[in-house]
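Structure first, commentary second.
Protein chains in written order, with my numbering: chain P, 1 to 112; chain Z, 1001 to 1112.
Here it is in structure tokens:
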């Protein structure tokens, strides 16, 4: 099993550009989440999903959109990139509402 | 705001010593989870303790939970250089299914 796959691993964007961070899991997990990790801030929840067609906001949702059309995929869209969105982004999935999560290896995004 | 706060922020010990990390949280929870993150990598789920449990073991890991004090501790016994990593606690609540909230982490350095 591949687990949770994130692409790309690295990305540089110019301010104002848009892009989609991809996340796919092959474990048939219902629960998926996106986090950003910044130095000294730990991981902060951006958006999460409890199943196909259902998403909700986390702690820091502004500037990001998500959709969940299939169980496997949970893409994160940056609508108009800003330098404040420079961060490492992690996607994670779980079999259970409150179970342990499996994390992807991350996408390092720099906005210039 | 983040649910968990961890203490200490950084810990440096010698191989063979025990390492203790603490986590405090603010609201009632259904379970608390501990994760490890090696430098530049994704997070790995270590152990989950439910709110009705007081102690749990997994190999060299021992986790305690005190719901009256809203705190948890992670003990790593007989530390090895390979245990060098950041350790995060995260809390989950059934009525916020899919919303796993992380603390800021403890950076552990184990010197050979």
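Quick reminder that beta carbons are idealized off the backbone N, C-alpha and C, glycines included.
None of the values given here were measured: they were computed from a predicted structure.
Taking buried to mean at least 16 other C-beta atoms within 10 Å of its own C-beta, is residue 70/P buried or exposed? Answer is exposed; the Cβ neighbour count stays below 16.
Distance check for residue 1082/Z and residue 1024/Z, CA to CA, integer angstroms please. 26 Å
Please identify the residue among 90/P, 112/P, 36/P and 108/P whose C-alpha is closest to the C-alpha of residue 102/P. For the set 90/P, 112/P, 36/P and 108/P, the Cα lying nearest the Cα of residue 102/P is the one of 90/P.
Between which two residues does the beta strand (DSSP E) carrying residue 77/P extend? 76-78
My understanding is that residue 7/P touches residue 77/P, with C-beta atoms under 8 Å, so please give their C-beta distance in whole angstroms. Not confirmed; about 14 Å, so no contact.
Using 7 Å as the limit for Cβ to Cβ distance, is residue 1078/Z near chain P? no
Contacts of residue 95/P in chain Z (Cβ-Cβ under 8 Å): Residues of chain Z passing the Cβ test: none, with the nearest at roughly 11 Å.
Quick check: is the beta carbon of residue 1033/Z nearer than 7 Å to any beta carbon in chain P? yes
Rounded to a whole number of angstroms, what is the C-alpha to C-alpha distance between residue 44/P and residue 84/P? Cα-Cα distance, rounded: 14 Å.
Coil, strand or helix - residue 26/P by DSSP: coil
Looking at C-alpha atoms only, which residue of 1008/Z, 1103/Z, 1059/Z and 1111/Z is the closest neighbour of residue 1043/Z? Answer by Cα proximity: 1103/Z.
Looking only at C-alpha atoms, which of 1048/Z, 1077/Z and 1006/Z sits nearest to residue 1019/Z? 1077/Z
Within the same chain, show all residues whose beta-carbon is closer than 6 Å to that of residue 1107/Z, passing over the 5 residues directly before and after it, in chain order. Correct list, in chain order: 1010 and 1086.
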